[in-house]
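Read the structure below first, then the notes.
2 protein chains.
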Amino acid sequence: MNSETITLERRVLAKNEDVADHNREWLGAQGIVAVNLMSSPGAGKTTLLERTIGDLAGSRAVAVIEGDQETTLDADRIKKAGCEVVQVNTGAGCHLDAEMMHSALTSLSPAPGSLILVENVGNLVCPALFDLGERSKVVIISVTEGTDKPLKYPYMFAAADLVIINKIDLLPYVDFDVERCEGYARSVNPKVRVLTVSATTGEGMSDWYEWVAEQY
Amino acid sequence: MNSETITLERRVLAKNEDVADHNREWLGAQGIVAVNLMSSPGAGKTTLLERTIGDLAGSRAVAVIEGDQETTLDADRIKKAGCEVVQVNTGAGCHLDAEMMHSALTSLSPAPGSLILVENVGNLVCPALFDLGERSKVVIISVTEGTDKPLKYPYMFAAADLVIINKIDLLPYVDFDVERCEGYARSVNPKVRVLTVSATTGEGMSDWYEWVAEQY
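Taken in sequence, the protein lines are chains P and B.
Numbering follows the numbering used here, in which position 56 of the first sequence is assigned residue number 56; successive positions increment by one, without gaps.
In short: position in the second sequence from 1, add 1000, done, that's the numbering used here.
Listed below in structure tokens is the structure:
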């Protein structure tokens, strides 16, 4: 990258930071917790959301912000699960940013105390750079993706407050070492929490709900 | 994006195009075929490469260019498979570009007629925008990622010459519809070829080798 590109990148990120701070302040004042879910395509974000909404919506107002390059497929799934949802289509863009988060919040106008689950664009690289003003960042990886992911995509894992290892129902059929993967995640982010779940069968989901409750 | 960002993006892509054209010309003159492999993290690019090297290296000079944010884990696996390899670490970057491809080719100095397999950074979004000067672009998706991926990441699938649906050995354990996925891929790219393989068991790999031979 030449110096012009770097300068512009800094300016873009600084502007994003301002809007993110504004979002964070507004969310804090309303007692709303926003959680930013990031992963590769196909790691199971939407399935995890569907089950989470079904299990938590009775006890707390839950709303979802859906980021995708195209289509409203995920938003449609979330709506069916019985939840307020706003779709953000990024087109050729590879991540959500604070401005998109701001527009989505304006359109949702969530009740005080709500839980906002943000499903970022499926991408283990770029979303790590863009603060949305969220309370916490969660990285989801699936056991089908390979044990070494935290080492190969360290920026994403360094940014995370929580790592969820998903699809543990498939462990018998794939070559994946949960303990080693956890160790790799801690090697780039010593304090990160790690949970193992199957969003499909429900195994381990109660640990995730406990973690969510701790964010309040 | 503001107009300044768009102008700079155009300039960056135009410069990339110039270098890509130069790479393409040089590769063509040497009768070298370069194939750019793109996918989400964990779709099985490296495993596919390992098997391909084992099966093809007897009949043709094969070399690999490995793109990763960090680590030489994949390059080490490729070296073990018995192949010339150059590692390109992109740091926070999310894709390979034509300049990186040029440096890697200079360092490899492949024999005329070689096959160059490029493993791009695991990312189903950004690498689609950056021409490397390669002969063909291949997108690999795994059956664990979900049937709807071509609709949700249309830019990548529109750019592809070939889609490889990998990990078909896991079909009994996941909810994935090969025929519908193929239909979705054709809906964004009517002429794209689609193959189904398991790089782990070897099923379907001979179709992939035939496709590679057709690139010459």
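Backbone N, C-alpha and C fix where the C-beta goes; we use that ideal spot for every residue, glycine too.
Asked: Of the residues Pro1127/B, Ala1029/B, Met1038/B, which one's Cα is nearest the Cα of Asn1166/B?; Found: Met1038/B
Asked: Where does the unbroken beta strand (DSSP E) through Leu162/P begin, and where does it stop?; Found: 162-166
Asked: How big is the Cα-Cα spacing for Ala1111/B and Lys1045/B?; Found: 24 Å
Asked: For Cys1083/B and chain P, any beta-carbon pair shorter than 8 Å?; Found: no
Asked: Could you tell me the boundaries of the beta strand (DSSP E) in which Val1212/B lies?; Found: Element bounds for Val1212/B: not the beta strand (DSSP E) but the alpha helix (DSSP H), 1205-1214.
Asked: At what residues does the alpha helix (DSSP H) containing Leu129/P begin and finish?; Found: Neither: Leu129/P is in no alpha helix (DSSP H) and is coded neither H nor E.
Asked: What did DSSP end up calling Ser1039/B once you bin it into helix, strand or coil?; Found: strand
Asked: Here's the rule I'm using: 16 or more other beta-carbon atoms within 10 Å means buried, otherwise exposed. How should Tyr184/P be labelled?; Found: buried
Asked: Kindly say whether Val86/P, judged by its beta-carbon, lies nearer than 8 Å to any beta-carbon of chain B.; Found: no
Asked: Just curious, the alpha helix (DSSP H) that Lys1191/B is in, first and last residue?; Found: Unbroken run through Lys1191/B: none, as it is neither H nor E.
Asked: Answer with yes or no whether the minimum CB distance from Ser206/P to chain B is below 8 Å.; Found: no
Asked: With which residues is Ile1065/B paired in a DSSP beta bridge?; Found: Val1086/B, Val1118/B
Asked: Report the residue from Leu117/P, Leu73/P, Ala75/P, Asp68/P whose alpha carbon sits nearest the alpha carbon of Gly233/P.; Found: Not covered by the structure: residue 233/P. The range shown for chain P is 1 to 216.
Asked: When the Cβ atoms of the region 149-169 of chain P are set against those of the region 113-129 of chain P, are three or more pairs found closer than 8 Å?; Found: yes
Asked: Buried or exposed for Thr52/P, going by 16 or more other Cβ atoms inside 10 Å?; Found: buried
Asked: Please name the residue, chosen from Asp21/P, Ser40/P, Arg186/P, that lies closest to Gly1146/B on a Cα-to-Cα basis.; Found: Ser40/P
Asked: Could you check whether Val118/P and Ile141/P sit closer than 8 Å to each other, using their CB atoms as the reference points?; Found: no
Asked: Compare the Cα-Cα distances from Ser1198/B to each of Ala1159/B, Arg1060/B, Ala1158/B, Val1143/B and report the closest residue.; Found: Val1143/B
Asked: If I'm right that Arg1135/B touches Val1033/B with Cβ under 8 Å, what's the distance once you round it to whole angstroms?; Found: 5 Å
Asked: Taking the C-alpha atoms as reference points, what is the distance between Gly1054/B and Ile1065/B?; Found: 16 Å
Asked: Determine the closest residue to Ala213/P out of Thr90/P, Leu115/P, Gly58/P, with distance taken between C-alpha atoms.; Found: Leu115/P
Asked: Could you pull out every residue in the same chain whose Cβ sits closer than 6 Å to the Cβ of Arg193/P, ignoring the five residues on either side in sequence?; Found: Leu162
Asked: List the residues of chain P whose Cβ lies closer than 7 Å to the Cβ of Asp1068/B, in chain order.; Found: Lys152
Asked: Using a threshold of 8 Å, state whether the C-beta atoms of Gln1252/B and Ala1098/B are closer than that.; Found: In the structure as shown, chain B starts at 1001 and stops at 1216, and residue 1252/B therefore has no counterpart that could be examined.
Asked: In whole angstroms, what is the alpha-carbon distance linking Met205/P and Lys1149/B?; Found: 25 Å
Asked: How far does the beta strand (DSSP E) with Ser136/P in it reach, from first residue to last?; Found: 136-142
Asked: Could you give the C-beta distance for Val1035/B and Gln1215/B, rounded to a whole number, given that I count them as a contact under 8 Å?; Found: 7 Å
Asked: Out of Leu132/P, Lys191/P, Pro190/P, which one is the CA nearest neighbour of Ala14/P?; Found: Leu132/P
Asked: How many angstroms separate the CA atom of Gly1202/B from the CA atom of Arg10/P?; Found: 46 Å
Asked: From Ala170/P to Trp1026/B, what distance separates their C-alpha atoms?; Found: Per the sequence shown, the amino acid found at residue 170/P is Leu instead of Ala. Each residue's Cα considered, the two are about 45 Å apart.
Asked: Mapping the DSSP letters down to three states, classify Val1012/B as helix, strand or coil.; Found: helix
Asked: Please report the distance separating the alpha-carbon of Glu945/B from that of Val1121/B.; Found: There is no way to answer for residue 945/B, as the model of chain B reaches only from 1001 to 1216.
Asked: If we ignore side chains and look at the alpha-carbon of each, how far apart do Met1001/B and Ala1057/B end up?; Found: Low per-residue confidence applies at Met1001/B: pLDDT is 47, beneath 50, and the placement is therefore not dependable enough to give any value.
Asked: Pull up the DSSP beta-bridge partners for Ala34/P, would you.; Found: Ile116/P
Asked: Just to make sure I have the definition right: I need the residues of chain B whose C-beta is within less than 8 Å of the C-beta of Leu124/P. Which are they?; Found: Ser1040, Pro1041, Gly1122, Asn1123
Asked: Quick one: is Asp76/P near chain B, going by C-beta distance under 8 Å?; Found: no
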